[in-house]
Amino acid sequence: MSESEVRQTEVIPQWKREEVDELVDFIESYESVGVVGVAGIPSRQLQAMRRELHGSAAVRMSRNTLANRALDEVDDGFEELKEYIAGQVALIGTNDNPFALYKELEASKTPAPINAGEVAPNDIVIPEGDTGVDPGPFVGELQQVGASARIMDGSIKVTEDSNVLSAGEEVSEELANVLAELGIEPKEVGLDLRGVFSEGVLFEPDELAIDVDEYRADIQSAVSAATNLSVNAVYPTAQTAPTLIAKATSEAKAVGLFANIESPDFMPELISKADAQLRALAANIDDEEALPEELRGVSAADTGAAEEEESTDEEAADADEADAAEDDDAADDDGDDEDAGDALGSLF
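Residue numbers (the UniProt record's numbering): 1 to 348.
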């Protein structure tokens, strides 16, 4: 340590050193640590948020300079979070993964009124409809801020959806008063996650804001494609072995029926096939005296039915194979849900 560093360490007040030590302990106590913005959150609401997070995450507020020093002391990549420490911020720690943390923080945000001088987080629209305000000066205030309003049926009504401010523009005092009168709360108040460091990786909000349904669908599609590839390539795995066995059984049965192999497994189908062929032949013999009694009177309809039955027998293997394919698809669907659930379970 250089002489200048020694002098700098010596002049740090005791309370600051203790605070840095506590921040270091806080950072090292969690698998994921992030920086959240707390600007504009009333103290009472902030305390309520901290209580709601109890058990899943903890919020630690301190001076930005001390937080930076603590991140430097921990090192191991946590110092990357320093770029997000500006303005009113706090550290947040959790043993959940960053995706779960982001989802929880976003879900905890609540609508809130916007004050004069604040920047609109998104377009502010006064919707069409009855304001519920009696005729008076308020109609002029609405028109002044850019809303299409008029007095109708004894009330002030907005005649169409009116975009009165674009995202990024500053809210005027007049607009803030109008929005408050209408009960419009155009912003969300909550802990604004700026960045999270977890298992050696730094995550930003846009990387954590994933569509769970779309993500699940992608996983299910990948599982289905992998299963189909394994089956078509006859590559056995724990998941595809039952389907491959069912497919092989169906194909073996088709060969046995086509070759008239006298196997106990094929006898019912072979007998049915022979009976159908016999009836078809009997229908073409004009001399009924030449036929056994049980085959006399076989009609053309019977012949058609026999031929259809014979055709059905010959295609039994194809039907079995189609059933196996349907079972495969059903197994894919079930497997998709289970595998998707397993894959998403660690994230959400």
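Beta carbons are placed, not taken as given, at the ideal position from N, Cα and C, and that holds for glycine.
Since the model is a prediction, treat every value here as computed from it, not as a measurement.
Simplified DSSP assignment, three categories, for S29
Taking the sequence shown and counting its residues from 1, one reaches residue 29 at position 29. S29: coil per DSSP, three-state reduction.
Tell me the rounded alpha-carbon separation between D21 and Y30.
Here residue 21 refers to the residue found at position 21 of the sequence shown. Here residue 30 refers to the residue found at position 30 of the sequence shown. Distance between the alpha carbons of D21 and Y30 is about 15 Å.
Need the endpoints of the beta strand (DSSP E) that V234 sits in, please.
In the sequence shown, residue 234 corresponds to position 234, counting from 1. It is not in any beta strand (DSSP E) - V234 carries neither H nor E in the DSSP assignment.
Indicate the three-state DSSP secondary structure (helix, strand or coil) for residue 392 in the structure shown.
Absent from the model: residue 392. The displayed extent of the chain is 1 to 348, so no value can be given.
Using the C-alpha atoms, what's the distance from G190 back to V145?
In the sequence shown, counting from the first residue as 1, residue 145 sits at position 145. In the sequence shown, counting from the first residue as 1, residue 190 sits at position 190. Each residue's Cα considered, the two are about 28 Å apart.
V145, DSSP secondary structure in three states
Position 145 of the sequence shown, counted from the start, is the residue given in the question as residue 145. Coil.
If you compare alpha carbons, which of S108, K16, K82 is closest to R51?
By one-based count along the sequence shown, residue 51 stands at place 51. Nearest C-alpha to R51: S108.
Our contact map puts E169 next to P111 with C-beta atoms below 8 Å; I'd like the distance itself, whole angstroms only.
Position 169 of the sequence shown, counting from 1, holds the residue named residue 169. Position 111 of the sequence shown, counting from 1, holds the residue named residue 111. Contact flag wrong, Cβ pair sits at about 19 Å.
Between A226, N97, R216, which has its C-alpha nearest G200's C-alpha?
The count along the sequence shown starts at 1 and reaches residue 200 at position 200. For G200, the nearest C-alpha among the options comes from N97.
Could you tell me the distance, in whole angstroms, from the CA atom of N260 to the CA atom of I271?
The residue given as residue 260 occupies position 260 in the sequence shown. The residue given as residue 271 occupies position 271 in the sequence shown. Approximately 10 Å between the Cα atoms of the pair.
With DSSP as the reference, label F78 as helix, strand or coil.
Within the sequence shown, numbered from 1, the residue matching residue 78 stands at position 78. Reduced to three states, the DSSP call for F78 is helix.
Chain-order list of residues whose beta-carbon lies under 7 Å from that of S148 (same chain, five-residue window excluded):
The residue you call residue 148 lines up with position 148 of the sequence shown. Excluding residues within five positions, the ones whose Cβ falls inside 7 Å are V158, T159, E160, S162.
With a cut-off of 8 Å, does the C-beta of A100 fall near any C-beta of chain B?
Chain labels in this structure do not include chain B; a single protein chain is all it has.
Residues bridged to T94 by DSSP?
Start at 1 with the first residue of the sequence shown, and residue 94 comes out as number 94. Bridge partners of T94: S32, A57.
If you draw a straight line from the C-alpha of E174 to the C-alpha of L193, how long is it?
For the purposes of this step, residue 174 is identified with residue 174 of the sequence shown, where counting begins at 1. For the purposes of this step, residue 193 is identified with residue 193 of the sequence shown, where counting begins at 1. Each residue's Cα considered, the two are about 31 Å apart.
Can you give me the start and stop residues for the alpha helix (DSSP H) that K273 sits inside?
Sequence index remark: in the sequence shown, residue 273 carries index 273 (1-based). Segment 267-283, the alpha helix (DSSP H) holding K273.
When you compare only the Cα positions, how much space is there between P121 and A167?
Here residue 121 corresponds to residue number 121 of the sequence shown, with the count starting at 1. Here residue 167 corresponds to residue number 167 of the sequence shown, with the count starting at 1. Distance between the alpha carbons of P121 and A167 is about 5 Å.
Using C-beta distances below 6 Å, list every residue in its chain close to V59, excluding the 5 sequence neighbours before and after it, in chain order.
To locate residue 59, count along the sequence shown from 1; it is residue 59. Taken in chain order, the residues that qualify are R50, A90, I92.
First and last residue of the beta strand (DSSP E) that includes A112?
Residue 112 sits at position 112 when you count from the first residue of the sequence shown. It spans 110-112 - the beta strand (DSSP E) in which A112 sits, taken as one unbroken run.
Contact belief for I41 with N68 at Cβ below 8 Å, rounded distance in angstroms:
Counting from 1 along the sequence shown, the entry for residue 41 is found at position 41. Counting from 1 along the sequence shown, the entry for residue 68 is found at position 68. Actually they are not in contact, since the Cβ atoms of I41 and N68 sit about 22 Å apart, beyond 8 Å.
Quick one: Cα of Q220 to Cα of G117, how far?
Within the sequence shown, residue 220 is the residue found at index 220, counting from 1. Within the sequence shown, residue 117 is the residue found at index 117, counting from 1. Going by the C-alpha atoms only, they are around 48 Å apart.
Skipping 5 residues on each side, what residues in its chain have a beta carbon closer than 8 Å to that of S263?
Position 263 of the sequence shown, counted from the start, is the residue given in the question as residue 263. The answer, listed in chain order, is G256.
Nearest CA to the CA of E106: which residue from V234, A209, I285, Y235?
The residue you call residue 106 lines up with position 106 of the sequence shown. Nearest of V234, A209, I285, Y235 to E106, Cα basis: A209.
Using only the alpha-carbon positions, how far apart do I156 and G136 sit?
Within the sequence shown, the letter at position 156 stands for residue 156. Within the sequence shown, the letter at position 136 stands for residue 136. For I156 and G136, the distance between alpha carbons rounds to 8 Å.
Less than 8 Å between the CB atoms is what I'm expecting for A176 and I124, so what's the real figure, rounded?
Here residue 176 refers to the residue found at position 176 when the sequence shown is read from its first residue. Here residue 124 refers to the residue found at position 124 when the sequence shown is read from its first residue. A176 to I124, Cβ: 10 Å. No contact.
For residue 394, count the other beta carbons within 10 Å of its own beta carbon; 16 or more makes it buried, fewer makes it exposed. Which is it?
Only positions 1 to 348 of the chain appear in the structure, and residue 394 is not among them; the question remains open.
Any heavy atom of the ligand GTP inside 7 Å of the beta-carbon of E199?
Absence of the ligand GTP from the depicted structure is noted, as is the absence of any ligand whatsoever, leaving it without description.
Could you tell me which of N284, K247, L81 sits nearest to G195, measuring between CA atoms?
Position 195 of the sequence shown, counted from the start, is the residue given in the question as residue 195. Checking every option, the nearest Cα to that of G195 belongs to L81.
Grouping DSSP H, G and I as helix and E and B as strand, with all else coil, what is V171?
Taking the sequence shown and counting its residues from 1, one reaches residue 171 at position 171. DSSP places V171 in coil when its eight states are reduced to three.
On a CA-only basis, which of S198, L182, G183 is nearest A100? Give me that one, please.
Counting from one through the sequence shown, the residue named residue 100 turns up at place 100. Residue S198 is the option with its Cα nearest to A100.
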